[in-house]
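All residue numbers for the sequence shown refer to our numbering, where the first residue is -12 and numbers rise by one.
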Amino acid sequence: MDQTALNELIRRFFDAFVSGPDCEERLDALPELFIPQAVIVRTCGSEPLAYTVDEFIAPRRVLLTGGTLTDFREWALDGRFDIFGDIAHWYGAYAKEGRQDGVAFTGRGMKTIQFVRTAAGWRISAAAWDDERPGVVMS
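Here it is in structure tokens:
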């Protein structure tokens, strides 16, 4: 049961980052996947940048709905869960593809997502990611 609920959260998290129809609705629903105090961190070869949930969603909403980023999607690849009582962790690979200003691109990286069980069910308490780049390549 926990595994099913956590898999659903991972699916909904990645599904939020798909351009096109229903994108606004998926982004509007994204905050309910998180606890209000959650932190999201981007590394990607630069100084880590920490976001609140709203700070994380706002620029992605502009990108996904503004028309310059099209045919975009992001999805989970292989990953694993560790669950103990009311805490859980997913560590896994993900991929993305799309068109930025008409130019096709692809990418891959790793995400780590932490979960806590709340009265309303499992929620994301933290997430961080790093993308492939020269010198940092997934095997």
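For glycine and all other residues, C-beta sits at the position ideal for the given N, C-alpha and C. Since this is a predicted model, take the numbers as computed values, not measurements.
Asked: What number of angstroms, rounded off, separates the C-alpha of Ser112 from the C-alpha of Trp77?; Found: 12 angstroms
Asked: With a threshold of 16 other CB atoms inside 10 Å of the CB of Phe102, please say whether the residue is buried or exposed.; Found: buried
Asked: So, helix, strand or coil for Val5, using DSSP?; Found: coil
Asked: Going straight from the alpha carbon of Ala91 to that of Gly122, what length do you get?; Found: 22 angstroms
Asked: For Ile74, count the other beta carbons within 10 Å of its own beta carbon; 16 or more makes it buried, fewer makes it exposed. Which is it?; Found: exposed
Asked: Please go through the same chain and pick out, in chain order, the residues whose beta-carbon is closer than 7 angstroms to the beta-carbon of Gly108, but skip the five residues on each side of it.; Found: Ala(-8)
Asked: Restricting to Cα atoms, I'd like to know which of Trp116, Gln(-10), Glu19 and Gly66 is closest to Ala3.; Found: Glu19
Asked: Whose C-alpha, out of Ala114, Ser126 and Asp118, is nearest the C-alpha of Phe21?; Found: Ala114
Asked: So, with DSSP's three-state summary, where would you put Val26?; Found: strand
Asked: Rounded to the nearest angstrom, what separates Glu11 and Leu51 at their Cα positions?; Found: 9 angstroms
Asked: Keeping to the same chain, check which residues put their C-beta closer than 8 angstroms to that of Pro62; ignore five residues upstream and five downstream.; Found: Note that residue 62 is Trp in the sequence shown here, rather than Pro. Excluding positions up to five away in sequence, the list reads Phe1, Tyr81, Ala82 and Lys83.
Asked: Between the C-alpha atoms of Arg86 and Gly54, what's the straight-line distance to the nearest angstrom?; Found: 10 angstroms
Asked: Taking just the CA atoms, how far does Tyr38 sit from Ala45?; Found: 10 angstroms
Asked: As an exercise, report each continuous alpha helix (DSSP H) stretch of at least 4 residues that is fully enclosed by the region 33 to 69, in chain order.; Found: 40 to 52
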